[in-house]
Structure formats: C-alpha cells, structure tokens
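Using our numbering, the letters of the sequence shown correspond one by one to residues 14 to 454. We put the CB at the ideal spot given by N, CA and C, even for glycine. Beneath this line is the structure, given in structure tokens, with notes to follow.
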Amino acid sequence: MNRRLSHPSPLLETIGVAALYTFAFTALLSTTTATAALWILVGLFLFKVPKAGFPAAQWLLWPWAALLGYLILRTIAASLDRPEWAAYHLDGLWGWARLLLFPAVAWWCGGDETRCRRLLGVALAGLVVGMMRAVDLHTLESAWQGMRTGFHLRIVAFGLYAGTFLWALVCFTPEFFQARRFKPFWIALWSALLLLLGQALFFTQSRGVVLGFGATALIITIVVFMTRTTDLFRPIPVSLKRGLIVFWALLIGITVVNRPLLEKRWNEEKDTFLHLKSFDFNQPAQDSTGYRAHLYKFAFEGILAGPIWGAGPASSKRFIQESGRETLKSPNWKGELQWWDHLHSTQLEILFHYGAVGAALWLWLYVALFFGVQRAWKQGALSLSLWLFSLASLIYLFLWALFDFRSLHPDWRFFWNFLIGLIASGPMFQSTSSSGKDPRP
Numbered sequence: 014m015n016r017r018l019s020h021p022s023p024l025l026e027t028i029g030v031a032a033l034y035t036f037a038f039t040a041l042l043s044t045t046t047a048t049a050a051l052w053i054l055v056g057l058f059l060f061k062v063p064k065a066g067f068p069a070a071q072w073l074l075w076p077w078a079a080l081l082g083y084l085i086l087r088t089i090a091a092s093l094d095r096p097e098w099a100a101y102h103l104d105g106l107w108g109w110a111r112l113l114l115f116p117a118v119a120w121w122c123g124g125d126e127t128r129c130r131r132l133l134g135v136a137l138a139g140l141v142v143g144m145m146r147a148v149d150l151h152t153l154e155s156a157w158q159g160m161r162t163g164f165h166l167r168i169v170a171f172g173l174y175a176g177t178f179l180w181a182l183v184c185f186t187p188e189f190f191q192a193r194r195f196k197p198f199w200i201a202l203w204s205a206l207l208l209l210l211g212q213a214l215f216f217t218q219s220r221g222v223v224l225g226f227g228a229t230a231l232i233i234t235i236v237v238f239m240t241r242t243t244d245l246f247r248p249i250p251v252s253l254k255r256g257l258i259v260f261w262a263l264l265i266g267i268t269v270v271n272r273p274l275l276e277k278r279w280n281e282e283k284d285t286f287l288h289l290k291s292f293d294f295n296q297p298a299q300d301s302t303g304y305r306a307h308l309y310k311f312a313f314e315g316i317l318a319g320p321i322w323g324a325g326p327a328s329s330k331r332f333i334q335e336s337g338r339e340t341l342k343s344p345n346w347k348g349e350l351q352w353w354d355h356l357h358s359t360q361l362e363i364l365f366h367y368g369a370v371g372a373a374l375w376l377w378l379y380v381a382l383f384f385g386v387q388r389a390w391k392q393g394a395l396s397l398s399l400w401l402f403s404l405a406s407l408i409y410l411f412l413w414a415l416f417d418f419r420s421l422h423p424d425w426r427f428f429w430n431f432l433i434g435l436i437a438s439g440p441m442f443q444s445t446s447s448s449g450k451d452p453r454p
C-alpha cells in the first residue's frame with residue numbers, strides 16, 4: 014500500500030513524517046508536544062493536498078463532510094436560540110470538531126502498512142514510557158492491594174488505550190512469531206508486553222473496560238476461527254490462531270490471579286445494582302452505579318426534550334449546573350462536592366447534544382470505516398493483521414464508549430485522531446498496489 018501521490022518538497026515531506034512519528038509517540042505522553050505535532054500535520058496537509066491530490070475516498074469524505082457541516086449548523090442554531098450561551102456552544106463545537114482531524118493523519122500515513130505498523134509500535138512505546146514514569150513500588154503495592162490506577166492517565170481511559178494496544182499485539186502475532194531475524198527476542202517482547210498491558214488493564218478495575226474487552230475478545234476469536242478465504246495466497250496464519258490461544262490462556266491466568274480485585278470491585282456496588290428498580294432518585298448517590306443512574310436519568314430526560322436536534326454542543330456540565338440538581342454532584346479528590354462534567358456514556362453525550370440526526374451522522378462515519386476496512390481487505394489492500402486490528406479496535410472502542418466519555422479531553426482526542434487516521438489510511442489508498450514487502454521484523 015504505497016502512496017503514489019507526488020510530493021514536490023522533500024523538506025516538507027520530512028517535516029511531516031517527523032511530526033507524524035512525534036505525534037504517535039507523544040499522543041498519550043505529552044499534551045503540549047502532541048498538540049504541536051498534530052497541528053503541524055494538519056497545516057502541512059492543507060498546504061500540500063491541493064498540489065499532491067487527495068485519494069478518491071468518497072465513502073469516507075461524504076460522512077465526514079456531512080458530520081462537520083451538521084456540527085457547525087447545530088452550533089449556529091443553538092447560539093441563535095440562546096445568545097447568552099453562544100460562547101459555550103462555540104467552545105463545544107471546537108471540542109467536537111477537533112475529533113475530525115484524522116483525515117490529515119490518514120493522508121500522512123499514506124496507506125503504507127509498514128509505516129502504520131511502525132507508528133503503532135512508536136505509540137505503544139510512548140504509552141509504556143508514560144507508565145514507567147508514573148510507576149514506583151508504592152504504586153504497584155497499592156494496586157495489588159486494591160487501589161485503582163491508570164498510571165499517568167485517567168483510569169477508565171487508560172483501560173481503553175491499554176486494551177487497544179493489546180489488540181495490536183494479538184492481531185500482529187504472525188509478525189512476531191514468524192520474524193526472520195532475532196525471532197526469540199521478538200517472541201519474548203510480545204509475551205512481556207502482553208503480560209504488562211494485560212495486568213495493567215486489570216489494575217484499572219473498570220467494569221466497563223473488562224466487559225468491553227471480554228466481549229471484543231469473543232467476537233475477534235469467532236471471526237478468526239470462522240473466517241474462510243478462497244485466496245490461497247492469503248490464508249489465515251496458523252500462528253495467529255496459536256497466538257489467540259496463548260492470549261486466552263494468559264487472559265484466563267491473569268483473571269485468576271486478579272480474582273480478589275475483581276470480586277471486590279463487582280461486589281462493592283452489588284446492592285445498588287440489584288435494587289435499581291427501587292433506586293431513590295431524590296437522594297445523592299454513594300457509588301459509581303448510583304452516579305450513573307442519576308446521570309443516565311438526566312440524559313434521557315434531555316434527549317426526550319430534544320430528540321431530533323439535541324440540546325446543542327455546550328458541555329454537559331453547563332446543562333447539569335443549570336438543572337440545579339444536587340444529586341448530580343459527586344465528591345472530588347479533596348472530598349468537595351462538584352458538578353459532574355459528563356454523562357458517563359459517549360453515545361448518550363452525542364444523543365443529548367446533537368439528537369438523532371447527529372447520532373445518525375456519527376454512526377454513518379463509524380459504519381463507513383467498518384465497511385471501508387472490510388472492502389480494502391477483500392481487495393488485497395490490507396494485510397490480515399491490520400484488517401483484524403482495525404476491526405478489533407473499532408469494536409472495542411464502541412463498546413468501551415457505552416460506559417464512559419472522554420471525547421473532549423486532549424488524550425482521547427489525540428488517541429482518536431491517531432487511531433482512526435491509521436485505520437482509515439489503508440482503505441483511503443486501496444487503489445494503490447501492494448508494496449510487496451515482507452511485514453516481518
């Protein structure tokens with residue numbers, strides 16, 4: 014999948030590629046550096062595309078353009094409806110619109126699978142470096158004793174990032190197990206990273222992360238073992254199936270080791286969950302299940318009030334504060350009560366702010382990515398590993414988003430633009446011929 018578009022300036026090309034790798038390494042490590050690198054990519058993209066051309070990827074550009082147009086129009090309508098909230102709506106638009114910068118990342122990836130694999134490795138290195146910087150013996154001891162941790166990131170968000178890179182390791186198992194040089198080293202590295210990220214995933218003690226990751230594991234396992242291909246030159250590698258078996262063995266083993274943590278986490282809010290039918294919405298919540306009950310009720314009421322167009326892009330915290338409901342407060346790390354700033358579900362956030370129309374446009378973009386990846390693989394523009402990783406990432410991201418919301422935070426925005434840009438790049442350039450390079454390290 015080599016890019017065939019011309020690039021007249023080698024210097025700008027070098028700067029763009031350097032910014033791309035910098036962005037990959039710092040996306041989950043340094044907000045300032047990642048911001049600078051991303052905007053360099055966008056700026057050079059806007060400068061070079063008119064000269065170099067853009068792939069004829071209408072399957073992606075139509076939903077992208079429709080969604081961006083709707084975000085702008087909905088902001089204008091909301092600002093005209095409540096002029097005193099215009100600044101809040103504009104701020105909300107700025108947050109949501111920056112999630113649509115991924116075509117620039119995809120263009121710089123260029124449909125080059127070798128580059129995509131290297132970028133994944135660089136991004137994983139950035140995540141591990143961040144973990145190592147944040148960890149010490151006290152942190153590890155506290156985690157083993159039951160204290161939740163996301164290392165240098167928010168707990169639930171870290172579960173998404175660690176889980177996604179776990180899928181990268183699993184889906185690219187053949188590249189590790191069939192390495193032509195230093196094969197024992199690559200297999201040892203694969204095993205070590207699998208154990209590290211697997212245990213780190215359990216340290217989050219996030220029920221949404223565990224459920225989403227487990228469901229994705231079942232789906233991907235079924236896909237691998239049930240997929241049949243008529244292409245004799247692209248069979249499902251035996252090493253991938255063996256890698257999945259090893260993955261399941263490690264997953265079960267880590268689950269057994271962490272059983273006390275899991276039981277503690279699931280049991281501490283069991284009573285609230287079992288008695289949701291009689292939950293008193295007039296009383297403040299005492300646990301995360303109760304917080305979600307209050308927030309989901311507020312979200313559903315807001316969605317029913319504006320089911321088609323939504324309430325507007327201003328942050329959820331503005332609407333929560335305006336409601337004046339003391340039950341929508343929770344204690345911060347100092348023990349002080351403060352308003353919730355999100356609704357604890359990305360899908361509910363989209364429906365609340367942009368209504369059924371906005372949700373349908375986001376879903377159109379997401380489904381387009383799925384079908385684009387599937388079509389590119391069938392046409393030979395994607396390797397099995399990158400195809401499977403793309404599917405696993407999209408499935409896991411969607412399931413994870415049911416239980417939390419981070420879309421307007423810098424780390425999530427960087428991660429989203431990086432991941433979706435990398436996933437979209439192959440299908441965007443699928444008309445180019447295969448590079449023919451051996452993907453093994």
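Worksheet item: So, helix, strand or coil for Arg453, using DSSP?
Response: Because the pLDDT at Arg453 is just 43, under 50, the model does not fix this residue reliably, and the point stays unresolved.
Discussion item. Please classify Leu133 as buried or exposed, where buried requires at least 16 other C-beta atoms within 10 Å of its C-beta.
Written reply: buried
Worksheet entry | Run of the beta strand (DSSP E) containing Trp352, from where it starts to where it stops | Unbroken beta strand (DSSP E) run through Trp352: Leu350 to Trp352.
Worksheet entry | C-beta contact flag for Gly325 and His355 at 8 angstroms | no
Practice prompt. Please state if the CB of Ala405 and the CB of Leu73 are separated by a distance shorter than 8 angstroms.
Written response: Cβ atoms of Leu73 and Ala405: not closer than 8 angstroms.
Practice prompt. For the segment 199–217 and the segment 173–187, state whether three or more C-beta atom pairs, one from each stretch, are separated by less than 8 angstroms.
Written response: yes
Worksheet item: Around the Cβ of Asp417, are there at least 16 other Cβ atoms within 10 angstroms (buried) or fewer (exposed)?
Response: buried
Fill in: Endpoints, the alpha helix (DSSP H) within which Pro326 is located
Unbroken run through Pro326: none, as it is neither H nor E.
Worksheet item: Are the beta-carbon atoms of Leu59 and Ile28 separated by less than 8 angstroms?
Response: no
Fill in: For Pro344, the residue or residues it bridges with in DSSP
DSSP lists Leu350 as partners of Pro344.
Discussion item. Once the 5 residues before and after Gln360 are set aside, which same chain residues still bring their CB inside 7 angstroms of it?
Written reply: Ala414 and Leu415
Discussion item. Do His357 and Leu412 count as a contact pair if the criterion is CB distance below 8 angstroms?
Written reply: no
Worksheet item: Counting pairs of Cβ atoms below 8 angstroms between the segment 112–131 and the segment 33–48, do you hit three or more?
Response: yes
Worksheet item: Taking DSSP as the reference, what is the three-state secondary structure of Arg17?
Response: Caution applies to Arg17, whose pLDDT of 44 falls short of 50 and renders its modelled position unreliable; the model cannot decide the point.
Discussion item. Could you tell me the alpha carbon to alpha carbon distance between Asp104 and Leu253, rounded to whole angstroms?
Written reply: Approximately 45 angstroms, taken between the alpha carbons.
Fill in: Beta carbon of Ala47 nearer than 8 angstroms to that of Phe427
Yes, Cβ-Cβ distance for Ala47 and Phe427 is below 8 angstroms.
Worksheet item: Do you know whose CA, among Ser396, Asn295, Leu435 and Asp94, lies nearest Ser185's CA?
Response: The sequence shown places Phe at residue 185, rather than the Ser named in the question. The residue with the shortest Cα to Cα distance from Phe185 is Ser396.
Item to complete: List the endpoints of the continuous alpha helix (DSSP H) containing Phe198.
Response: Lys196 to Phe216
Discussion item. Helix, strand or coil for Arg167? Go by DSSP, reduced to three states.
Written reply: Residue state, collapsed to three classes: coil.
Worksheet item: Where does Leu42 sit, in a helix, a strand or coil, going by DSSP?
Response: coil
Worksheet item: Under 8 angstroms between the Cβ atoms of Asp300 and Glu314?
Response: No. Outside cutoff.
Discussion item. Within a Cβ cutoff of 7 angstroms, which residues of the same chain sit near Gly319, ignoring the five residues on either side of it in sequence?
Written reply: These residues qualify, in order along the chain: Gly368.
Discussion item. Below 8 angstroms on the Cβ atoms is my contact criterion, and I expect Ile333 with Trp353 to pass it. Report the Cβ-Cβ distance as a whole number of Å.
Written reply: 6 angstroms
Worksheet item: Which of the three DSSP states, helix, strand or coil, is assigned to Ser291?
Response: helix
Worksheet item: Straight-line CA distance for Ile433 to Pro440?
Response: Rounded to whole angstroms, Ile433 and Pro440 show a C-alpha spacing of 11 angstroms.
Item to complete: List the whole-angstrom C-beta distance separating Gln191 from Arg278, where the pair is believed to meet the contact cut-off of C-beta under 8 angstroms.
Response: Gln191 to Arg278, Cβ: 38 angstroms. No contact.
Worksheet item: Run through DSSP, which three-state label would Arg130 get?
Response: helix
Worksheet item: To which residues of the same chain is Ala228 closer than 6 angstroms at the C-beta, ignoring the five residues directly before and after it?
Response: Closer than 6 angstroms at the Cβ level, and outside the excluded window around Ala228, lie Leu412.
Worksheet item: Alpha carbon to alpha carbon, what distance is there between Leu263 and Leu208?
Response: 7 angstroms
Practice prompt. Could you tell me whether the Cβ atoms of Leu25 and Lys64 are closer together than 8 angstroms?
Written response: Contact check for Leu25 against Lys64 fails: the beta carbons are separated by 8 angstroms or more.
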